[in-house]
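Taking this note's numbering, the leading residue of the sequence shown gets 10, the next gets one more, and so forth.
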Amino acid sequence: MTSRRDFLKGAGATGAGLVLGFHLEAKARPGEAPRAEFRPNAYLAVLPDGTVRITVPKTEMGQGVRTALPLAVAEEMDLDWSKIEVVNAQPGPDFKSMQTGGSTSVSSTWTPLRKAGAAAREMLKAAAAAEWNVGVEQCRTEKGFVLGPGGKKLGYGALAEAAAKLPVPKDPPLKKPADYRLLGQRTPRFDGPAIVTGKAIFGLDVRRPGQRFAAVLRCPVPGGKPRAWDAAKAKAVRGVKAVVEVPTGIAVIADNTWAAFKGREALAATTTWDEGPAKDFNSATLEGKMRAALTGPADEARKDGDVDKALAAAAKVLEAEYAFPYQAHATVEPMNATVHMRADGAEMWTGSQSPNRAQERAAAAAGLKPEQMKVNVALIGGGFGRRLGTDFSTEATQVAKAAGGGPVQVVWDREDDFRHDLYQPATLHRMRAGLDGSGALTAWAHRIAGPAVLRSWMGGQKSPAQASVEANGALDIPYAIPALKVDFAEVEAPTALGWWRGIQIVPNVFARECFLDEVAHAIGKDPLQLRLDLMGDRGVVKFGREEADIRRLKKVLQVAAGKAGWGRKLPAGHGLGLACHAYDGRTYAAEVAEVSVEKGQLRIHKITCAVDCGIALNPLGLEAQVEGGIAFGLSALFSQITWEKGRTVQTGYHDFPVLRLADMPAIETHIVPSTEPPSGIGEPPVPVAIPAVLNAVFAATGQRIRRLPLGPDSFK
């Protein structure tokens, strides 16, 4: 069995290793002799004035990597946090794997970045020791200086040239957590001021000399192609310069986005389409196929014991069906990319979670070698997995090439984003549990039916890892059950699919944790106590090639329940519900929700969350990630994408609701102290929020919700 983490590693999701190598760059101020930068590796450059430039190999999309990753370097290097510069890496020889996803940014770069900072620190100490003719052990570092005996003190900038000539330590000593000065402190976002003052550059902010703007008219049905159109109608719009055909549709190129959109609108009125084989696709038919697949053949993801035999011998069998709908990413910043085609190559500016893949595919589309396509990575106004795709950046390259050169920015509008997303697919879940005469849980079967994200991601090819990836969050159920089976039945659909924040773990944990709540109430046992009993006293448990430390999961569950006052008396109409999960066996999260339902209206009052994600590099950023993840998960309670005649019914926030400020519950985050290496926190809070709330709804009303989204009739 292949875990999602293993798959992502194979797909190039983890960070590049420590890249060493020295060179000197002359830097001269007016009236000064040239001085050298100290660049011990691809991540660091010490400037002559003492400023340290840190290159971040992951994309910032609101998760705080431009703060957390520099903190790891600054801690080991003993930097003055006020004297650092942060720049984005670019795809190339030094950064061959910049993919940002799966909550792996910190965990995959933690060791390389610390070693980079520690190596530079030791070299600077050695340079100072040589200058003073003292032993290196007599030197220490502090806030950008090397301190020596007798009050000696030299700044890093003054030592840069000498340090650059020294050998690189093979195994520099790393600090112990007890000695951390920066890590573990509540540190504001490094780029926060630039973002709130509008100085930060997102993809939509890119402006180049002579830049034009484009909008693409695409068939509303997946796979459809234009049959006929009248370009003259678009060209009659003031500001429109050209209309060109590209593989994804027809591009209107103009002096500004407004003209491009208006020209496209005029063009659409004249265009007829060959809608292709997906023209009759609809949600009702797909659900019928998924329901049929709940009892047909399936690919096995996990099997412990003989489930069929255990169910047949059970004194009582519980069964339920859970339904999760298609979801859109709904990023605040729509897709966009700017591409400048030149005679000798091309340059791109875009917010991408996969810059290396964007470079490769754009270069191929332009007929260039990857090294001829320079990619500048902008800040992202919402990624959530959507910008792991390269459809929008490849398309922009095709448009720029067809436009005949010069910089062209292709901008999607909100409807484009909803009509042409890489969706989280719908799934149905058949849950069965067997109980013996004493009420003990003896068998568990979880069948998942739906389209496969991994097949879509692999270009239509089925991967050997498909069942285990699609069953993530179900196969790694942390409870000890004698007989257990988890499988996945693929149901094909013509829609483009992609990774979502929390990926398939979200619907799988929704079904798993809600159904376990049903089991608890069926046997008259407290839902918290049932979970604790089923976890037992186990330590590290393996699920195929995946594993999780059940002790850490049990701890966060106990902390969340304790802080939320589990079991306390509540006002009438209120209820508490809980859920937990070990996310990819790395991050442990538990949440307790307090809700009320009055006159058919759900109100989520508070969510208490406990997390163990190893060492917390920046607790302030961690809390923000928890809050954002919970908000993302709660939005999925109310949103869905449906299909009619091959088209999405929903086209924007007006019919795809996301959580509004007035609906945001109070969130209390408790970080369980840990000395384990840091793991991800962007996704783990997402899947736990939904079942915690729905279990609380049952506690408040006695009504079990098994189908999302919630609607006006959900609480009748």
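Every residue, glycine too, gets a C-beta built ideally from N, C-alpha and C.
GLN433 carries a strand assignment under DSSP once its states are collapsed to helix, strand and coil. Here the segment 286-301 makes no contact with the segment 475-493; the two share fewer than three CB pairs at distances below 8 Å. In this structure, the alpha-carbon of ILE93 lies about 43 Å from that of PRO700. Cα atoms of PRO687 and MET132: separation of roughly 26 Å, rounded to the nearest angstrom. If the five residues before and after THR678 are omitted, its C-beta is found closer than 6 Å to the C-beta atoms of CYS618, GLU632 and VAL635, all from its own chain and listed in chain order. Residues of the same chain with a CB within less than 6 Å of the CB of ASP239, apart from the 5 flanking positions on each side, are THR279 in chain order. Residue environment: THR304 is assigned as exposed (fewer than 16 neighbouring CB atoms within 10 Å of its CB, all protein chains considered). With the rule of 3 Cβ pairs closer than 8 Å, the segment 155-166 does not count as touching the segment 597-607. Positions of the alpha helix (DSSP H) runs, each at least 4 residues long and wholly inside the segment 436-502, are given as 462-466 and 475-479 in order along the chain. Under the three-state reduction of DSSP, GLY507 is assigned to coil, being neither helix nor strand. Leaving aside the five residues that flank GLU424 on each side, the residues in its chain whose CB is nearer than 7 Å to its CB run, in chain order, THR660 and GLY661.
At the C-beta level, MET107 and LEU53 stay beyond 9 Å of one another. With a threshold of 16 other beta carbon atoms within 10 Å, THR684 falls short and is exposed. In this structure, the CA atom of GLY637 is about 16 Å from the CA atom of GLY111.
GLY159 and THR596 have their C-alpha atoms some 47 Å from each other. Looking at the DSSP output, ILE514 shares a beta bridge with no other residue.
Nearest Cα to VAL500 within the set VAL246, VAL462 and GLY414: VAL462.
Counting of Cβ neighbours within 10 angstroms places SER648 among the buried residues, the total reaching 16 or more. Ranked by Cα distance from TRP119, the options ALA136, ALA77 and TRP141 are led by ALA77.
One alpha carbon belongs to GLY469, the other to THR710, and they sit about 44 Å apart. The continuous beta strand (DSSP E) containing LYS234 extends over residues 234-237. Leaving aside the five residues that flank CYS622 on each side, the residues in its chain whose CB is nearer than 6 Å to its CB run, in chain order, THR596, SER688 and ILE690.
No Cβ-Cβ contact shorter than 9 Å links ILE486 with GLU692. Shown here, GLN418 sits in a strand according to DSSP, grouped into three states. One alpha carbon belongs to PHE724, the other to ASP526, and they sit about 19 Å apart.
Around the beta carbon of HIS663, fewer than 16 other beta carbons lie within 10 angstroms, which makes this residue exposed. Rounded to the nearest angstrom, the Cβ distance from PHE401 to TRP421 is 7 Å, consistent with a contact under 8 Å. In the assembly as shown, ASP188 is an exposed residue. Its beta-carbon has fewer than 16 other beta-carbons within 10 Å. In the three-state reduction of the DSSP assignment, ASN291 falls in the coil class.
Taking all protein chains in view, the Cβ of VAL549 is surrounded by fewer than 16 other Cβ atoms within 10 Å, so the residue is classified as exposed. Counting of Cβ neighbours within 10 angstroms places LYS318 among the exposed residues, the total staying below 16. Here VAL261 is near ALA243, since their CB atoms are less than 9 Å apart. About 5 Å separates the beta carbons of ALA505 and LEU431, which is inside the 8 Å limit, making them a contact pair. DSSP links PHE47 through a beta bridge to VAL55. Distance between PHE524 and ALA640, taken at the CA atoms: about 23 Å. In the pairwise beta carbon analysis, the segment 367-383 is classified as not touching the segment 441-450: fewer than three pairs are separated by under 8 Å.
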